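This report refers to the structure that appears directly beneath it.
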Amino acid sequence: SKNNFVKALREKHPEITTIIQNINGRSTSMVLGEKEHVLFGKGYIEDVLCGHRFRISSKSFYQVNPVQTEKLYNKAMELAALTGSETVLDAYCGIGTIGITASGRAKRVIGVELNKDAVRDAVQNAKRNEIKNIEFYCNDAGRFMSRMAAQGEKLDVVFMDPPRSGSTEEFIHSVAEAGPRKVVYISCGPETLARDLKIFARNGYRAREAWGVDLFPWTGHVETIVLLGRKKSTEDMVYAYVDYEPEDDTYLQGMKGNATYREIKEWIKAEYGMSVSSLYVAQIKDKCGFEKRQNYNIGENKAHVPNCPPEKEKAILEAFKHFRMI
337 SKNNFVKALR
347 EKHPEITTII
357 QNINGRSTSM
367 VLGEKEHVLF
377 GKGYIEDVLC
387 GHRFRISSKS
397 FYQVNPVQTE
407 KLYNKAMELA
417 ALTGSETVLD
427 AYCGIGTIGI
437 TASGRAKRVI
447 GVELNKDAVR
457 DAVQNAKRNE
467 IKNIEFYCND
477 AGRFMSRMAA
487 QGEKLDVVFM
497 DPPRSGSTEE
507 FIHSVAEAGP
517 RKVVYISCGP
527 ETLARDLKIF
537 ARNGYRAREA
547 WGVDLFPWTG
557 HVETIVLLGR
567 KKSTEDMVYA
577 YVDYEPEDDT
587 YLQGMKGNAT
597 YREIKEWIKA
607 EYGMSVSSLY
617 VAQIKDKCGF
627 EKRQNYNIGE
637 NKAHVPNCPP
647 EKEKAILEAF
657 KHFRMI
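Under this note's numbering, think of the first position of the sequence shown as 337, with each following residue one higher.
Here is the structure:
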């Protein structure tokens, strides 16, 4: 009855481009079996996402809301802040949507996926979009990254979009071994996301910001993107200074201008909603030739002291004018 079935279905829904019969002879919770027959069409569908055309097989994962998926992926790219020099890993890569989207912004992209059908689609998708700087591997992403780390290969950014069950402790540990500076975690399960973020924290990564994207209208579900970065260690520190405010800075009275550091900072906060440090005030005093004590924020290595940003310098100068210091 194959031909009659196809004919009856397409009469009701002429927009259908392909029909596949999947045969599952196992008495398990698995929905799809290994054996398939293409009854009509090419055996896959296509969609355009983020300017790229993707082939999607029946057993490959694809987001159900492509309009919102573009917003999801664009936010992921924004959080990754790729410059074109990075090596990027797309874990749980599926048919390669995230990796191919990132390929135009990175030096090299590696996609890893355990589903061989999805990997086959990903390879075809890279070819049809003429992407030259991406490669795909059918492998467990955790083991793959552990091997990369053992071989001394460097990763700059990891994208991960695991299933609702989330990631694993082994995978997250392998991320830490590889040592990327950023991890962009896309999740459809808030409970497993919260669990995995705790494991990331134990492995030296901290969540910096999170965004919800509504891919499932009229439901209580959202996709969530979390940006994780490495926790700072002493080796990562370039400089450190204490924003010390002297209890008695009346020594300023009688000098050129009579506003204290505290008064200057409070005025800037009230006028501009901006916080400035005593160090920055001291730097601008230097520029204006003010007499002051030796700057207590300057350490032994002056090259590592941060310079006052232009917008804060402008605010400090306005404060000096307000207090008739200049």
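Think of the CB as a built atom: it goes at the ideal place given N, C-alpha and C, for glycine as much as any other residue. Predicted model, so just to flag it, every value in this text is computed and none were measured.
Can you tell which of the options has its C-alpha closest to the C-alpha of residue i?
i      : options                           : result
VAL448 : VAL493, ALA485 and LEU425         : LEU425
ARG389 : ILE467, GLY488, SER365 and LYS567 : ILE467
GLU513 : THR353, ILE355 and ALA485         : ALA485
ARG391 : SER439, PHE507, HIS373 and VAL455 : VAL455
SER523 : SER510, PHE480, SER421 and GLY548 : GLY548
LEU563 : ARG362, THR437, ILE446 and LEU529 : LEU529
ARG500 : ALA412, GLY525 and SER510         : GLY525
GLU654 : GLU599, ASN643 and PRO642         : GLU599
ALA412 : SER614, ILE662 and PHE495         : PHE495
LEU551 : VAL400, TRP603, THR419 and VAL367 : VAL400
GLN357 : LYS621, GLY379, SER482 and TRP554 : GLY379
GLU559 : GLN404, GLU545 and ILE652         : GLN404
CYS429 : TYR473, ASN410 and GLU406         : TYR473
SER396 : LYS348, GLY387, GLY369 and TYR409 : GLY369
GLU545 : THR354, GLU527, GLU414 and ARG441 : GLU414
GLY289 : ASN465, LEU450, ASP457 and ALA458 : This structure cannot settle anything about residue 289, because the visible part of the chain is limited to 337 through 662.
GLY377 : MET366, PRO350 and SER363         : PRO350
GLY439 : LYS490, GLU471 and TYR608         : Per the sequence presented here, residue 439 reads as Ser, with Gly not at that position. That would be GLU471, whose Cα lies nearest to the Cα of SER439.
LEU278 : PRO645, HIS373, ASP383 and ARG346 : Residue 278 falls outside the range modelled here, since the chain spans only 337 to 662, and no answer is possible.
MET481 : ALA458, ASP457, GLN460 and PRO516 : PRO516
CYS624 : GLY420, LYS657 and ASN340         : LYS657
Going by the CB atoms, is the gap between residue j and residue i shorter than 8 Å?
i      : j      : result
SER393 : ASP453 : yes
GLY565 : ARG531 : no
ARG542 : LYS567 : yes
LYS338 : LEU375 : yes
VAL511 : ALA416 : no
ILE352 : LYS371 : no
ASN539 : ILE508 : yes
LEU385 : PRO402 : yes
ILE434 : ASP497 : yes
VAL612 : ILE652 : yes
ALA462 : ILE446 : no
PHE659 : ALA618 : no
ASN465 : LYS443 : no
VAL493 : GLU422 : yes
Looking at the unbroken beta strand (DSSP E) that takes in residue i, where does it start and where does it end?
i      : result
ILE467 : Element bounds for ILE467: n/a, residue is neither H nor E.
VAL612 : Per DSSP, VAL612 belongs to no beta strand (DSSP E) and is neither H nor E.
SER523 : 518-523
THR423 : 423-427
If you reduce the DSSP assignment to three classes, tell me which class residue i lands in.
i      : result
GLY548 : strand
LEU450 : coil
CYS624 : helix
MET661 : coil
LEU491 : coil
HIS373 : strand
ALA606 : helix
ARG441 : coil
ARG500 : coil
GLY387 : coil
THR433 : helix
THR560 : strand
TYR632 : Per-residue confidence for TYR632 stands at a pLDDT of 42, beneath the threshold of 50, marking its modelled position as unreliable; the derived number appears in the next sentence. Three-state result, TYR632: coil.
ASP584 : For ASP584, the predicted model reports a pLDDT of 48, less than 50, meaning its position is unreliable and no value from the coordinates is stated.
THR570 : Note that THR570 scores a pLDDT of 45, beneath 50, so its modelled location is shaky; the value from the coordinates is reported in the next line. Here THR570 sits in coil by DSSP.
Mind checking which residues open and close the alpha helix (DSSP H) that includes residue i?
i      : result
GLU653 : Residue identity check: residue 653 is Leu in the sequence provided, not Glu. Unbroken alpha helix (DSSP H) run through LEU653: 646-658.
PHE397 : From DSSP, PHE397 is part of no alpha helix (DSSP H); its letter is neither H nor E.
THR419 : No alpha helix (DSSP H) holds THR419; DSSP gives it neither H nor E.
ALA595 : First-last for ALA595: undefined, no H or E at that position.
GLY478 : 477-486
VAL511 : 505-514
PRO642 : Counting along the chain, PRO642 falls outside any alpha helix (DSSP H), and DSSP gives it neither H nor E.
PRO526 : 526-538
Indicate, with yes or no, if the ligand GDP has a heavy atom lying under 7 Å from the CB of residue i.
i      : result
SER482 : The ligand GDP is not part of the structure shown, which contains no ligands of any sort.
Jot down the residue ranges of each uninterrupted beta strand (DSSP E) in the stretch 339-367, minimum 3 residues, whole runs only, in chain order. 355-359
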